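Engineer: Quick one: this structure, given as structure tokens, is what I'll be asking you about.
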Amino acid sequence: MVPLKPLALAKSRLAAAVGASRPGLALAFAQDTVAGALACAAVADVVVVTDDPAAGTELARLGARIVPDAPGAGLNAALAHGARAVRRARPAAAVAAMNADLPALRPSELLRVLENASEFPRAFLADAAGIGTTLLSAAPDVELTPSFGGPSRARHSASGAVEISLSGVDSVRRDVDTAADLRTALVLGVGLHTARYSSGMQATAYTYDSQTRSGSVLLDDGTPVPFEAPAFDAGGLRLLRPGQRVRIETDGAGTDLRITLVTLQTF
4 MVPLKPLALA KSRLAAAVGA SRPGLALAFA QDTVAGALAC AAVADVVVVT DDPAAGTELA
64 RLGARIVPDA PGAGLNAALA HGARAVRRAR PAAAVAAMNA DLPALRPSEL LRVLENASEF
124 PRAFLADAAG IGTTLLSAAP DVELTPSFGG PSRARHSASG AVEISLSGVD SVRRDVDTAA
184 DLRTALVLGV GLHTARYSSG MQATAYTYDS QTRSGSVLLD DGTPVPFEAP AFDAGGLRLL
244 RPGQRVRIET DGAGTDLRIT LVTLQTF
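Residues 4 to 270 in the numbering used here are what the sequence shown spells out, letter by letter.
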């Protein structure tokens, strides 16, 4: 089960870094999370609990089953509702809840986590920060009893769930709440949807040299990234003034991030 807020409300902590791109990026995260889960051999079905019609349509196209958030009472109520919906169709099913913001999710790593989780009545995986939770599982005939949000690692442990201790499953731990999280996910290697969306990021022109047709932009989190003449030429511009809002396309990630196109937002 994957819970997803209405896109207009999702990933609010990314607003300062990505601006108006936030809803689209939240959907891309969810698409890569769902696609990764569906590709995992241990997953029979992916249920997305959401009231966002656009997100529901896109995620259903990937093969997810959409369950409306009937309780409308927050994350954990939505997950409990989703678990009941799953077990109405599959009474003896083991269930697992997973965050919708795991854009680097690898099916092979998820498989290892779920295989380990299956040894216990309830189990959970802590997030990369070691404070929250990215996955919670429950065996057949065992209530999920989710307690996501904030310091959920401690709450899930106190509830009797067993913490999964595995190395090499970074993609299942790497949720994205901040610009720093997103950069880390990009270094890990995000899925197709997030990669495509991130390649059309917005930025602000910072420096420009008309002689070399090169310069730099500031990402919305304040990170400066240089560009060379081929990126400027690819955007069809004649001039660039510092302070102008631009659209950029990129290649690579992390310290290897390279701008391949810079153009005005209106182009």
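Just so it is clear, CB atoms sit at the ideal spot from N, CA and C, and this is done for glycine as well.
Since we're looking at a predicted model, the values are computed, not measured.
According to DSSP, is R186 helix, strand or coil?
Structural biologist: Helix.
Engineer: Take E166 as the anchor and find which of A42, G66, G27, P124 has the nearest alpha-carbon.
Structural biologist: Nearest of A42, G66, G27, P124 to E166, Cα basis: P124.
Engineer: Counting only the same chain and skipping the five closest in sequence on each side, list residues whose C-beta sits under 7 Å from that of L113.
Structural biologist: G39, A40, C43, V175, listed in sequence order.
Engineer: Excluding sequence positions up to five away, which residues of its chain have a Cβ less than 7 Å from the Cβ of V46?
Structural biologist: Answer for V46: A40, listed in chain order.
Engineer: Does the structure place the stretch 99-106 close enough to the stretch 4-12 that three or more beta carbon pairs sit under 8 Å?
Structural biologist: Because the criterion of three Cβ pairs below 8 Å is met, the stretch 4-12 and the stretch 99-106 touch.
Engineer: What is the DSSP secondary structure of A76, reduced to helix, strand or coil?
Structural biologist: In the structure shown, A76 sits in coil (DSSP, three-state: anything other than H, G, I, E or B).
Engineer: Taking the C-alpha atoms as reference points, what is the distance between G66 and P106?
Structural biologist: Straight-line Cα distance between these residues: approximately 17 Å.
Engineer: Using the Cβ count rule (16 or more neighbours within 10 Å means buried), how would you classify G77?
Structural biologist: Exposed is the call here.
Engineer: Taking all protein chains shown into account, decide if S140 is buried (16 or more other Cβ within 10 angstroms of its Cβ) or exposed.
Structural biologist: Label assigned to S140: buried.
Engineer: Which partner residues of T253 appear in the DSSP bridge assignment?
Structural biologist: Paired residues: I262.
Engineer: Could you work out which residue in P229, L222, A129, P233 is closest to A18 when comparing CA atoms only?
Structural biologist: Closest by alpha carbon: L222.
Engineer: By Cβ distance below 7 Å, which residues in the same chain neighbour D55 in space, the five residues on each side in sequence not counted?
Structural biologist: L7, P9, L10, listed in sequence order.
Engineer: Expressed to the nearest angstrom, what Euclidean distance is found between the alpha-carbon atoms of F235 and S111?
Structural biologist: About 40 Å.
Engineer: What three-state label does DSSP hand G239 in the structure shown?
Structural biologist: In the structure shown, G239 sits in coil (DSSP, three-state: anything other than H, G, I, E or B).
Engineer: I need the boundaries of the beta strand (DSSP E) containing A129, first residue and last residue.
Structural biologist: Run containing A129: 125-129, per the beta strand (DSSP E) assignment.
Engineer: Do H159 and T137 come within 8 Å of each other at the CB atom, strictly closer than that value?
Structural biologist: Against a cut-off of 8 Å, the Cβ pair of H159 and T137 comes out as no contact.
Engineer: Going by beta-carbon coordinates alone, are L128 and V116 separated by less than 8 Å?
Structural biologist: Contact flag set, yes.
Engineer: With DSSP run on the structure shown, which of helix, strand or coil describes Q34?
Structural biologist: In this structure, Q34 counts as helix in the three-state DSSP scheme.
Engineer: Alpha carbon to alpha carbon, how far is P154 from S162? Give it in angstroms, no decimals.
Structural biologist: Their Cα atoms are separated by approximately 13 Å.
Engineer: Identify the continuous beta strand (DSSP E) that holds T207 and give its terminal residues.
Structural biologist: First-last of the beta strand (DSSP E) with T207: 205-212.
Engineer: Fully enclosed by the stretch 39-115, which beta strand (DSSP E) runs are 3 residues long or longer?
Structural biologist: As far as the stretch 39-115 is concerned, its whole beta strand (DSSP E) runs of at least 3 residues are 50-52, 68-70, 98-101.
Engineer: If you draw a straight line from the alpha carbon of G194 to that of L240, how long is it in whole angstroms?
Structural biologist: Between G194 and L240, the C-alpha separation is close to 31 Å.
Engineer: Can you tell me whether DSSP reads A120 as helix, strand or coil?
Structural biologist: Helix at A120.
Engineer: Excluding sequence positions up to five away, which residues of its chain have a Cβ less than 8 Å from the Cβ of Q247?
Structural biologist: Hits under 8 Å: T207, A208, L267.
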